[in-house]
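Following: one structure in structure tokens, then a few remarks.
Number of protein chains: 2
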Amino acid sequence: MQVNVIFQPTGYRGKICSGKTILEACQKFGINLESPCGGNGTCGKCKVKLEKILCNKESDFSNSSISPITEKEREILTKEEQLQNFRLACCTKITEDMVIFVPEKSEKGKQRILETSGSKLFHLNPGVKKYYIELKSPTLEDCRDDFTRVKDALLHKYRNLEKHISMDYKVMQTLSSLLRKEKYKITVTLWMDKEIISVEPGFNENIYGVAMDVGTTTIAAALCDLSSGEVITQTSSLNPQIIYGEDILSRISHCSINKNGLEEMHSLIIKEINKLLEELAASINRNVNQIYDMVIVFNTAMHHIALNINPEYLGQSPFTPVISQGLNIKARELDINICKGAYMYSLPIEGGFVGSDNVSVLISQEIHKQDKMLMIIDIGTNGEIDFGNREGVFSTSCATGPALEGAQMKYGMRAVTGAIERVKINSLSLEADFKVIGEDKWNNTAEVGGVKGICGSGIIDAVAEMYKNSIIGKDGTFNKKIVCPRIRRDEEGRMEYVLVWRRHTSIGEDISITQKDVRAVQLAKSALYAGAKMLMKKRNVDSVEGVILAGAFGSYINKENALVIGLFPDCDLNNVVVVGNAAGEGAKIALLSTDKRTEAEEVAKDVQFMECAAEKDFEMEFYNAMNFPHSEDEFPHIKHILDSISK
Amino acid sequence: MQVNVIFQPTGYRGKICSGKTILEACQKFGINLESPCGGNGTCGKCKVKLEKILCNKESDFSNSSISPITEKEREILTKEEQLQNFRLACCTKITEDMVIFVPEKSEKGKQRILETSGSKLFHLNPGVKKYYIELKSPTLEDCRDDFTRVKDALLHKYRNLEKHISMDYKVMQTLSSLLRKEKYKITVTLWMDKEIISVEPGFNENIYGVAMDVGTTTIAAALCDLSSGEVITQTSSLNPQIIYGEDILSRISHCSINKNGLEEMHSLIIKEINKLLEELAASINRNVNQIYDMVIVFNTAMHHIALNINPEYLGQSPFTPVISQGLNIKARELDINICKGAYMYSLPIEGGFVGSDNVSVLISQEIHKQDKMLMIIDIGTNGEIDFGNREGVFSTSCATGPALEGAQMKYGMRAVTGAIERVKINSLSLEADFKVIGEDKWNNTAEVGGVKGICGSGIIDAVAEMYKNSIIGKDGTFNKKIVCPRIRRDEEGRMEYVLVWRRHTSIGEDISITQKDVRAVQLAKSALYAGAKMLMKKRNVDSVEGVILAGAFGSYINKENALVIGLFPDCDLNNVVVVGNAAGEGAKIALLSTDKRTEAEEVAKDVQFMECAAEKDFEMEFYNAMNFPHSEDEFPHIKHILDSISK
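Residue numbers (full-length UniProt numbering), protein chains in the order written: chain A, 1 to 647; chain B, 1 to 647.
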């Protein structure tokens with residue numbers, strides 16, 4: 001007997017033999033229902049709603065001849081769902097003319113679309129996927145080997161897979177006992193749909209990956225659910241290589257000078273990476289071997305050192321990297337402890353000074369897809385700038401030093417609890433109001449407590465406010481004529497501005513901004529500004545249509561103050577956005593989308609790298625950018641502020 | 001000015017600008033001259049002979065305007081060659097009309113053809129090849145990374161290479177310093193023309209590989225020069241796993257019963273493999289890291305154990321292997337110490353009982369390419385038989401035990417110096433003549449010295465001679481009626497025939513063949529015979545057109561005696577050949593020819609495996625084959641011998 005079925009919301013309809021399951025009907029009528037367990041009633045993904053029995057006005061399913069709810073369904077469907085006539089398509093037989101509603105969530109093929117922090121959309125398409133299969137046990141007549149049985153079962157059930165599937169050597173070692181112990185019901189993890197990197201007992205859909213941004217100073221790591229694209233938890237730590245020097249060049253030189261220098265630093269970073277992986281896995285009560293994929297972005301020096309590749313020639317002109325293209329390396333080759341067969345993917349690097357972290361920033365911000373001429377300024381221990389649009393992007397790297405990250409300043413610190421992240425100076429009293437990370441309110445006479453130092457965004461604010469209030473001049477020099485207890489000479493006779501009195505700090509010292517600190521900010525910002533100008537020349541434009549500020553700032557940066565000190569060329573502040581750690585964001589995106597990895601490989605090839613040192617005008621630009629905001633360039637968008645200073 | 005050039009022996013001719021080198025002329029006229037160093041005057045491969053200056057009857061080259069011999073040529077060409085007007089084509093400029101002779105050796109493209117011990121031909125086409133390149137040093141303008149520079153230089157110079165070339169991760173680690181130290185002149189080793197597995201200083205054409213046959217009892221290894229196909233040196237040793245049992249099943253059961261059993265046996269065999277590799281490399285004063293490729297053949301159990309893959313289910317019906325296909329595994333993953341980036345290739349296995357060693361035998365003997373119905377009998381601790389022709393080959397494995405290898409016999413030993421390899425018994429005196437490996441002459445009253453025991457071929461001879469002289473009967477039982485000092489009871493009252501008196505041995509004991517030894521030979525030969533008969537039934541034939549005897553015999557086996565004891569079905573002895581270790585031979589062939597690897601993958605798929613135990617007639621066949629030569633089958637080709645016995 002044939003029965004009529006109508007599917008909603010598509011409206012697909014047709015006749016099918018009575019007694020077939022809803023899943024079979026879906027397959028017949030081209031509705032792509034999720035069924036990773038292969039119609040086994042175990043994954044619960046093929047939920048559909050019985051809408052209506054056509055000959056029955058009441059649609060009272062309890063009286064219909066449709067197969068009754070099974071034990072498996074009772075386990076998986078909530079009470080609520082059962083009341084609403086939700087069923088598993090694989091367990092339910094159609095025996096009458098009826099209407100079935102297919103929720104979007106149960107439909108496959110409709111790729112899940114995710115959104116970056118910069119509101120860019122991408123499809124969820126991770127590098128590893130899980131497939132549940134059941135094999136027939138071998139007999140004397142069917143003497144295919146275990147691997148071939150697994151491969152054939154995969155290809156038979158998932159017909160869109162490519163035929164050339166291999167198996168990681170480590171998986172082979174224990175395959176036979178696992179298959180037999182699990183009665184030939186297993187979940188296979190495929191890397192790039194071509195290599196079996198894990199085989200697990202029974203049905204197991206948990207699939208995790210980790211994205212890391214390994215910077216000179218900080219390592220940020222995020223654990224993601226690769227089936228939903230969700231970021232489950234994040235963590236970070238200091239790069240332990242810091243004992244070998246704060247900047248890239250001292251790290252490289254440690255490798256060149258000491259016989260085991262590279263090996264030492266490599267081991268140190270791998271140990272730290274493993275610590276973070278343990279921490280992430282533990283936070284969701286999982287083991288690290290349930291992390292099946294990993295993406296890391298680095299600057300070029302960190303890339304080489306972490307991969308145990310000699311970085312010596314990155315520190316010498318012409319700054320040649322050993323390899324630029326993206327690399328898939330078995331994590332175990334690097335002693336990274338995740339799933340035994342898993343790969344570590346490192347995004348391509350651009351060149352000697354522009355690493356995969358910048359490629360990562362680009363795929364997260366996508367300026368290479370825009371019409372507008374946009375500039376990305378990514379502030380880390382090195383500053384990287386990208387400028388352009390869909391017709392071409394240039395990038396460069398500027399030796400900013402770590403001042404804007406809060407390092408190497410007298411009271412500088414990372415953007416963590418206790419750091420001043422915002423500063424305002426009262427123009428009459430020259431007293432400072434400030435806001436500390438971890439507290440909600442502004443202070444000037446703060447309760448004794450948390451204040452420990454000042455982070456990047458606070459430093460930009462402080463210097464800008466000092467300039468706006470003429471505590472320092474256009475050239476950054478302290479105005480020695482002002483009489484105010486906050487402006488004083490330190491024990492060595494150098495000028496400083498006291499931001500917080502000792503009694504309000506937790507470090508037992510007055511927190512101040514010194515003349516040396518101001519100079520460090522000047523050097524950093526002029527390096528960025530000069531780099532930005534050189535890139536604009538490359539594209540023959542004299543203004544930018546938007547600026548994206550990325551990097552290890554605090555959660556907050558005052559865009560106006562950043563412009564007041566001349567961190568970047570004049571721009572409408574409405575078109576300036578702050579995006580935080582865009583490199584880390586890009587790493588997550590690459591973890592969740594192999595299409596974005598492909599995009600990264602293309603971007604890395606297409607972006608043109610400009611070496612500042614090789615540009616003849618660079619030194620002049622650098623010199624001109626030392627002043628606040630600049631010796632020569634106009635800043636019409638903050639003219640009112642600048643005018644009020646000169647008054 | 002244009003000059004005329006004629007090349008011999010091809011007769012190619014044409015005009016070329018005066019001043020061009022002979023190499024350039026060859027390229028122009030389509031003569032494929034060897035020039036691995038790229039015309040750099042360093043490899044010495046492009047030797048040609050100046051034959052004649054056309055306008056000059058004397059052909060006195062010293063008076064010609066042809067560019068004089070260079071320093072490089074003086075270094076490379078012998079005095080003799082210089083006198084004969086040999087020159088390097090890359091160093092010699094053509095300035096007059098002339099005739100040039102190109103020796104075959106200098107011509108490329110004519111693939112080198114090698115011959116197997118069975119007179120089969122194959123092309124030399126190893127899995128690894130070396131390429132010499134010179135790179136330009138990087139500049140600020142040309143900032144390609146080191147890997148890309150290497151790849152681009154390779155592709156530019158060797159235009160027939162595929163574009164997708166990758167680099168082993170380990171090679172990257174030290175690439176940058178090597179390039180700079182060597183002034184960008186390097187030799188690159190490519191695996192399968194697609195992965196760079198080694199980069200070495202300057203021009204280095206030495207390229208070695210090792211082929212191994214890892215058997216249950218013996219490991220045989222050969223070091224080959226991959227540029228000539230020559231086997232440079234060979235060695236062998238006992239499989240150290242023997243402490244866990246002499247046969248496959250006890251090894252497998254050691255793995256199943258003991259938690260670390262597999263790991264123990266795996267480590268043991270890898271240690272032994274590394275010892276052999278060290279020995280081979282040392283014998284030509286090289287380091288193991290100059291071994292760039294490796295092929296190993298195994299039986300299925302050795303395959304799994306050596307690769308650290310759980311072999312448990314090979315020992316239980318239906319005897320399923322974990323993986324059958326050929327495997328390329330980085331040698332370092334297996335802790336095999338050869339060139340860091342090199343692979344170990346293991347030939348495909350056929351099934352639970354027929355390993356890659358049998359596939360190896362097939363590609364060396366090529367019965368799958370013949371019209372005649374041929375049988376291969378490969379005698380090891382397990383006996384493997386293949387039977388068929390180009391229309392199809394069947395194979396099976398027979399549990400012979402190690403008797404025919406000389407093991408588990410009272411005085412049995414491997415075919416090494418001191419082993420009796422041939423035996424004749426005088427029909428009147430029943431005295432034995434014998435020949436010992438390492439000695440030229442036959443003995444009966446041997447000088448006291450070398451005799452230590454008896455190897456496989458000697459055992460077959462001894463048992464056949466005992467049967468021919470009625471010392472044992474058709475059923476293998478000793479004839480107790482003969483009175484002769486050599487026929488006696490041992491200390492436990494069992495019959496034995498003394499082959500060599502104690503005074504002629506170096507072991508202080510009489511060397512004898514016991515009733516138990518004869519039984520072991522009967523069991524072994526009837527297993528082989530029954531297996532052979534089952535295969536003949538599969539192909540519906542009742543005779544074989546030829547027999548190939550392979551395996552760990554001595555260098556000699558008496559074919560007639562083998563037939564007398566019924567080791568294989570009746571066959572014209574002119575069509576029986578003895579080929580020695582054909583599995584080891586196949587391993588060498590696979591090492592030297594990737595085409596033969598491809599053939600192996602096909603053969604492994606095409607050959608049909610017959611499981612003796614699953615055939616209903618097997619036990620009856622086995623029982624009937626216990627007699628000498630057989631209970632029922634006729635042996636017309638040795639009728640005269642058999643008739644003389646029954647007399």
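Glycine residues also receive a C-beta, built at the ideal position from the N, C-alpha and C atoms.
Residues near residue i by beta carbon distance below 6 Å, same chain, minus five either side
i	result
Ile460 of chain B	Asn561, Ala562
His526 of chain B	Reading the sequence as shown, one finds Ser at residue 526 of chain B and not His. Around Ser526 of chain B: Phe622, Ala625, Met626.
Ala614 of chain B	none
Tyr345 of chain A	Val295, Asn328
Cβ neighbours of residue i in the same chain (closer than 8 Å, five flanking residues each side left out)
i	result
Arg422 of chain A	Phe434, Lys435, Trp442, Ser457, Gly458, Asp461, Tyr556, Asn558
Val171 of chain A	Ile196, Ile197, Ser198, Val199, Lys340, Gly341
Phe394 of chain B	Asp386, Phe387, Gly388, Leu535, Lys538, Arg539, Val607, Gln608, Phe609, Met610
Simplified DSSP state of residue i, which is helix, strand or coil
i	result
residue 667 of chain A	As displayed, chain A neither begins before 1 nor continues past 647, which places residue 667 of chain A out of reach and without an answer.
Gly401 of chain A	coil
Thr21 of chain A	strand
Arg488 of chain A	strand
Val214 of chain A	strand
Ala625 of chain A	coil
Met294 of chain A	strand
Tyr411 of chain B	coil
Under 7 Å from the C-beta of residue i: neighbouring residues of chain A
i	result
Phe147 of chain B	Val322, Ile323
CB contact flag (residue i, residue j, <7 Å)
i	j	result
Ile323 of chain A	Asp145 of chain B	yes
Phe609 of chain B	Gly351 of chain B	yes
Leu114 of chain B	Gly229 of chain B	yes
Tyr132 of chain A	Pro201 of chain A	no
Leu226 of chain A	Pro126 of chain A	yes
Ile513 of chain B	Tyr497 of chain B	yes
Tyr411 of chain B	Ile471 of chain B	no
Val249 of chain B	Cys255 of chain B	In the sequence under discussion, the amino acid at residue 249 of chain B is Leu, which differs from the Val named in the question. Cβ atoms of Leu249 of chain B and Cys255 of chain B: not closer than 7 Å.
Paired residues, beta bridge with residue i - DSSP
i	result
Trp191 of chain A	A:Val128, A:Glu195
Asn540 of chain B	In DSSP, Asn540 of chain B forms no bridge with anything.
Lys340 of chain B	None; Lys340 of chain B has no bridge partner.
Leu374 of chain A	A:Gly388, A:Gly546
Glu107 of chain A	A:Leu33
Asp433 of chain A	A:Lys424
Trp442 of chain B	B:Lys435
Ile273 of chain B	Beta-bridge pairing links Ile273 of chain B to no other residue.
Cys225 of chain A	The sequence given here places Asp at residue 225 of chain A; Cys does not occur at that position. According to DSSP, Asp225 of chain A bridges with A:Tyr208.
Arg149 of chain A	Arg149 of chain A pairs with nothing; no bridge assigned.
Chain B residues whose Cβ lies nearer than 8 Å to that of residue i
i	result
Met534 of chain A	Per Cβ cutoff of 8 Å: no residues; Met534 of chain A is ~14 Å from chain B at best.
Thr139 of chain A	Pro318
Thr174 of chain A	Asn310
Cβ-heavy atom distance, residue i to the ligand COA, below 6 Å
i	result
Val544 of chain A	In the structure shown, the ligand COA is absent, as is every other ligand, since no ligand is present at all.
Amino acids of chain A, ordered along the chain, whose beta-carbon sits closer than 9 Å to that of residue i
i	result
Ile471 of chain B	Near Ile471 of chain B there are no residues of chain A at all, since even the closest Cβ is about 42 Å away, more than 9 Å.
Arg180 of chain B	Glu312, Tyr313
Ala614 of chain B	Leu140, Glu141
Chain B contact residues for residue i, given Cβ-Cβ distances below 9 Å
i	result
Phe609 of chain A	Cys143
Gly352 of chain A	Cys143, Asp145
Cβ-based neighbour list, residue i, same chain, cut-off 7 Å, excluding 5 preceding and 5 following
i	result
Glu71 of chain B	none
Val448 of chain B	Any reading at Val448 of chain B must be qualified, since the residue scores a pLDDT of 49, below 50, and its modelled position is unreliable; the value itself is stated next. Closer than 7 Å at the Cβ level, and outside the excluded window around Val448 of chain B, lie Arg503, His504.
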